[in-house]
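In full-length UniProt numbering, the protein residues as written are 1 to 175.
See below for the structure under consideration.
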Amino acid sequence: MMLVFDRPPLTARHQAAQELILPTTVEKIVSGGQTGVDRAALDMAIVAGIACGGWCPLGRKAEDGPLPLHYPLTETESGDYVVRTEWNVRDSDGTLILAGRPLTGGTALTERLAKRQQRPCRVAFPYSDRDVASVAEWLATNRIRTVNIAGPRESQQPGIYAAAVAFLGQLFSDT
């Protein structure tokens with residue numbers, strides 16, 4: 001299945017942001033495969049031709065049933081979401097969280113784990129493009145080649161998938 005997304009025209013700020021990060025820094029996007037932000041990150045990586053992967057719970061567990069096989073994630077030995085979250089933070093150069101504040105549940109855990117593991121972590125608001133340039137700068141400044149992208153599941157924030165797709169579409173548009 002091919003996903004096609006209409007992208008709004010890029011502003012000069014966004015074009016400058018693109019030059020900062022692609023293709024020289026981000027080489028891979030990892031995510032846990034949950035509905036919402038995780039799934040948006042994987043879909044956008046596939047559409048943009050960026051390598052993707054990461055860890056998912058045993059049984060490819062997600063709130064909408066087993067994660068489809070076209071997502072190249074590796075199962076942990078545990079069905080616990082905490083394990084896959086910890087491993088995705090550990091195996092990345094930094095974590096980008098797309099969510100509104102305050103962070104809750106697994107999204108808040110992701111931020112805590114990144115701090116505990118002393119990994120760069122950036123929270124961005126995906127419902128507008130105002131953070132796109134600063135996220136691009138953060139990726140470049142921290143030399144993040146493998147980025148863990150996380151955030152709320154769709155049932156916790158209905159519409160977060162679409163917002164994350166739009167945000168990441170701006171961030172990872174073709175140069």
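Glycine residues also receive a C-beta, built at the ideal position from the N, C-alpha and C atoms.
Bear in mind that the values here come from a model prediction, so they are computed numbers and not experimental data.
Straight-line CA distance for residue i to residue j?
i: Thr35; j: Asp43; result: 11 Å
i: Tyr81; j: Val135; result: 26 Å
i: Gly32; j: Lys115; result: 18 Å
i: Val47; j: Pro102; result: 30 Å
i: Ala17; j: Asp64; result: The pLDDT assigned to Ala17 is 46, lower than 50, so where the model puts this residue is not dependable; a value taken from the coordinates is nonetheless given after this. Roughly 34 Å separates the two Cα atoms.
i: Leu22; j: Arg84; result: Summary for Leu22: the model assigns pLDDT 44, below 50, so the residue's position carries little reliability, and this model does not support an answer.
i: residue 194; j: Arg122; result: The requested residue 194 is not part of the displayed model; the chain covers only 1 to 175.
i: Leu171; j: Thr110; result: 21 Å
i: Val30; j: Ala62; result: 16 Å
i: Ala41; j: Val165; result: 7 Å
i: Gly53; j: Asp38; result: 11 Å
i: Arg90; j: Ser173; result: 27 Å
i: Ser128; j: Ala163; result: 8 Å
i: Trp55; j: Gln117; result: 17 Å
Which residues in the same chain as residue i place their Cβ atom closer than 7 Å to its Cβ, once the five residues preceding and following it in sequence are excluded?
i: Glu154; result: Thr35, Gly36, Ile160, Tyr161
i: Phe125; result: Gly100, Asp131
i: Thr107; result: Ile97, Ala99, Ala150, Gly151, Pro152
i: Pro68; result: none
i: Val26; result: Ile50, Leu139, Ile144, Arg145, Val147
i: Glu86; result: Leu113
Apart from the five residues just before and just after residue i, which ones in its own chain have a Cβ nearer than 8 Å to its Cβ?
i: Pro120; result: Asp93, Gly94, Thr95, Ala114, Trp138, Asn142, Ile144
i: Gly59; result: Pro66, Glu75, Gly79
Could you check which residue in the options has the C-alpha nearest to that of residue i?
i: Ile50; options: Cys56, Pro57, Pro72; result: Pro72
i: Glu77; options: Pro57, Lys61, Leu69, Asn148; result: Pro57
i: Gly169; options: Gln157, Ala133, Pro158; result: Ala133
i: Gly105; options: Gln157, Lys28, Ala164; result: Gln157
Secondary structure at residue i, three-state DSSP: helix, strand or coil?
i: Lys61; result: coil
i: Gly49; result: coil
i: Ala150; result: strand
i: Ser173; result: coil
i: Thr24; result: Because the pLDDT of Thr24 is 47, which lies under 50, any placement of that residue in the model is unreliable, and the number read from its coordinates should be weighed accordingly. Three-state DSSP puts Thr24 in coil, outside helix and strand.
i: residue 235; result: Not covered by the structure: residue 235. The range shown for the chain is 1 to 175.
i: Ile160; result: helix
What ranges does the beta strand (DSSP E) occupy inside the stretch 77–148, keeping only unbroken runs of at least 3 residues that lie completely in it?
Listed in chain order, they are 94–98, 121–124.
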